[in-house]
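Number 24 in UniProt numbering belongs to position 24 of the sequence shown; there are no gaps in the numbering. Glycine included, each C-beta is placed from N, C-alpha and C at the ideal position. The structure displayed is predicted, hence computed values, not measured ones. The next block holds one structure in the form of structure tokens; read it before the comments.
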Amino acid sequence: MPEGPSVRKFQLLISPFVGQVVAKVGGSSRKLNVNDLNALRLQDSQVHGKNLYLAFVAAEGPFRPTAEETEPQREAACGAHCPAQGGQGQDGAPHSQDKELQELQHSGFEAPDGAEGLGKWLRVHFGMFGSVRANEFSRASRANKRGDWKDPVPRLVLHFESGGFLAFYNCRMLWCSSPRADPTSDILSVEFHRGRALHALRAPNPICYTLLDQRYFSGLGNIIKNEILYLARIHPLTPGSVLALSALEHLLDCAVQFSSEWLHNKLRGQGLHPKVYQKEQCPLGHPLMKGTFGPSGGFKRLTWWCPQCQPAVL
Numbered sequence: 001m002p003e004g005p006s007v008r009k010f011q012l013l014i015s016p017f018v019g020q021v022v023a024k025v026g027g028s029s030r031k032l033n034v035n036d037l038n039a040l041r042l043q044d045s046q047v048h049g050k051n052l053y054l055a056f057v058a059a060e061g062p063f064r065p066t067a068e069e070t071e072p073q074r075e076a077a078c079g080a081h082c083p084a085q086g087g088q089g090q091d092g093a094p095h096s097q098d099k100e101l102q103e104l105q106h107s108g109f110e111a112p113d114g115a116e117g118l119g120k121w122l123r124v125h126f127g128m129f130g131s132v133r134a135n136e137f138s139r140a141s142r143a144n145k146r147g148d149w150k151d152p153v154p155r156l157v158l159h160f161e162s163g164g165f166l167a168f169y170n171c172r173m174l175w176c177s178s179p180r181a182d183p184t185s186d187i188l189s190v191e192f193h194r195g196r197a198l199h200a201l202r203a204p205n206p207i208c209y210t211l212l213d214q215r216y217f218s219g220l221g222n223i224i225k226n227e228i229l230y231l232a233r234i235h236p237l238t239p240g241s242v243l244a245l246s247a248l249e250h251l252l253d254c255a256v257q258f259s260s261e262w263l264h265n266k267l268r269g270q271g272l273h274p275k276v277y278q279k280e281q282c283p284l285g286h287p288l289m290k291g292t293f294g295p296s297g298g299f300k301r302l303t304w305w306c307p308q309c310q311p312a313v314l
């Protein structure tokens with residue numbers, strides 16, 4: 001599924017439409033009554049980890065940017081550290097779509113809270129190949145299993161009075177009263193709490209489990225996990241409790257830097273060039289190993305690592 005850098009890019013595609021009124025709606029969503037969005041004004045957009053939030057208000061009210069609007073958009077444009085230099089691979093791990101569905105089921109439906117003063121928030125959680133397109137529709141890149149060249153059908157299309165439109169693909173949407181977010185856990189936020197993240201990494205669990213815990217590393221997904229473990233030369237099943245503090249700090253640096261650079265490259269139209277994710281050899285030419293790892297009773301994710309560059313800790 002799209003990770004933090006990709007969702008931040010989606011927000012930037014949406015930002016020119018903030019303040020505009022929805023003139024017409026469409027889409028194939030069965031969970032959301034898309035007609036509820038007709039004639040509403042898009043008031044705000046925010047990103048928290050892998051979730052995109054859109055605020056809508058009645059169109060007759062004047063447009064007033066929220067206090068939170070400028071900062072999230074600035075962060076989306078440059079990431080946590082705004083690196084001066086700089087498509088997303090998709091995670092083929094089994095059960096990932098089941099995980100997304102369970103997340104939405106557990107969050108439940110929240111009736112919009114009129115006392116918030118900002119109107120309704122629409123939470124958008126993207127599936128395996130989820131995306132947002134501005135003023136264009138996605139086209140089929142290959143034939144389907146039946147041999148048909150059928151274009152993907154958007155879950156939601158918002159046509160605005162300006163003539164532009166947004167198309168949302170492979171995503172699940174629900175209304176909520178406000179964004180459910182903790183910016184201190186977002187690896188692309190300037191408020192990211194390194195101390196709390198380091199404390200989480202020192203747990204006795206395999207390090208690859210902890211990195212995917214969205215309570216501490218919101219927005220960090222399977223691609224980032226694989227890449228930063230290679231960059232830090234850490235075996236994915238190494239318990240965090242046996243690693244030196246300096247090694248954990250280096251891993252955390254890799255997480256923030258890799259995520260920020262990935263976002264920066266996306267904004268420049270440059271693709272991701274992974275070193276180990278879905279590869280057969282590491283950059284040094286060593287054969288890679290692949291396994292499916294996850295906590296007992298939890299979701300298992302595909303993991304690639306180099307036995308020579310990332311030796312197991314005995």
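Check                                                                                                                                                    : Outcome
Quick one: what does DSSP say arginine 194 is sitting in, helix, strand or coil?                                                                         : helix
Measuring only the C-alpha atoms, how far is methionine 173 from valine 313?                                                                             : 43 Å
Counting beta carbon pairs with one atom in the stretch 195-204 and one in the stretch 143-161, are three or more of them shorter than 8 Å?              : no
Whole angstroms are fine: how far does the CA of glutamine 20 sit from the CA of arginine 8?                                                             : 20 Å
Could you check how far apart the C-beta atoms of leucine 156 and phenylalanine 165 are, in whole angstroms? I think they sit under 8 Å.                 : Not quite, the Cβ-Cβ distance comes to about 10 Å (not below 8 Å), so this is no contact.
Less than 6 Å between C-beta atoms, sequence neighbours within five positions excluded: which residues of the same chain meet that for glycine 27?       : Val34, Pro154, Arg155, Leu156, Val157
Quick check on this structure: which residue in Lys31, Lys50, Lys150, Thr303 has the alpha carbon closest to the alpha carbon of tyrosine 209?           : Thr303
With a floor of 3 residues, list each beta strand (DSSP E) that falls wholly inside the stretch 175-254, ordered by position along the chain.            : none
Just mark leucine 245 as buried or exposed, buried being the case when its beta carbon has 16 or more other beta carbons within 10 Å.                    : exposed
Let me know the secondary structure DSSP gives asparagine 51 once reduced to three states.                                                               : strand
If aspartate 148 and arginine 139 are in contact, beta carbons under 8 Å, what's the gap, nearest whole angstrom?                                        : With a Cβ gap of about 13 Å, aspartate 148 and arginine 139 do not count as contacting.
If we count the other Cβ atoms within 10 Å of its Cβ and call it buried at 16 or more, is glycine 297 buried or exposed?                                 : exposed
Can you round the beta-carbon distance between leucine 231 and phenylalanine 258 to whole angstroms, since I take them to be within the 8 Å contact cut? : 7 Å
May I have a chain-ordered list of the beta strand (DSSP E) segments no shorter than 3 residues that lie completely inside the stretch 286-313?          : 289-293, 301-305
I'd like to confirm the pairing. Which residues does DSSP put opposite phenylalanine 160 in its beta bridges?                                            : Val22
Quick check on this structure: which residue in Phe126, Gly49, Arg133 has the alpha carbon closest to the alpha carbon of serine 15?                     : Arg133
Can the beta-carbon of leucine 188 be found less than 8 Å from the beta-carbon of serine 241?                                                            : no
For the beta strand (DSSP E) containing lysine 120, name the first residue and the last one.                                                             : 120-134
How close, in whole Å, do the beta carbons of leucine 52 and phenylalanine 10 come, if the pair is a contact with beta carbons under 8 Å?                : 6 Å
Using DSSP's beta-bridge definition, name the partner residues of methionine 173.                                                                        : Val124
Do you know offhand how far glutamine 281's Cα is from leucine 212's?                                                                                    : 24 Å
When the Cα of glutamine 308 is compared with those of Gly294, Pro295, Gly285, which residue comes out closest?                                          : Gly285
My output table needs one value for leucine 284: the three-state DSSP class, helix, strand or coil.                                                      : coil
Using the C-alpha atoms, what's the distance from asparagine 226 back to serine 218?                                                                     : 16 Å
Which of helix, strand or coil does DSSP assign to valine 276?                                                                                           : coil
In the DSSP assignment, what are the bridge partners of alanine 167?                                                                                     : Arg133, Val157
Pull the bridge partners of glutamate 42 from the DSSP assignment, please.                                                                               : The residue you asked about is not glutamate; residue 42 is leucine in the sequence shown. Beta-bridge pairing links leucine 42 to Phe56.
From Leu37, Cys306, Gln310, Ser29, pick the residue whose C-alpha is nearest to that of alanine 247; which is it?                                        : Gln310
How would you label alanine 111, buried or exposed, when you count the other beta carbons within 10 angstroms and need 16 or more for buried?            : Here the model assigns alanine 111 a pLDDT of 35, short of 50, so the residue's position is not dependable, and the following value carries that caveat. Alanine 111 comes out exposed.
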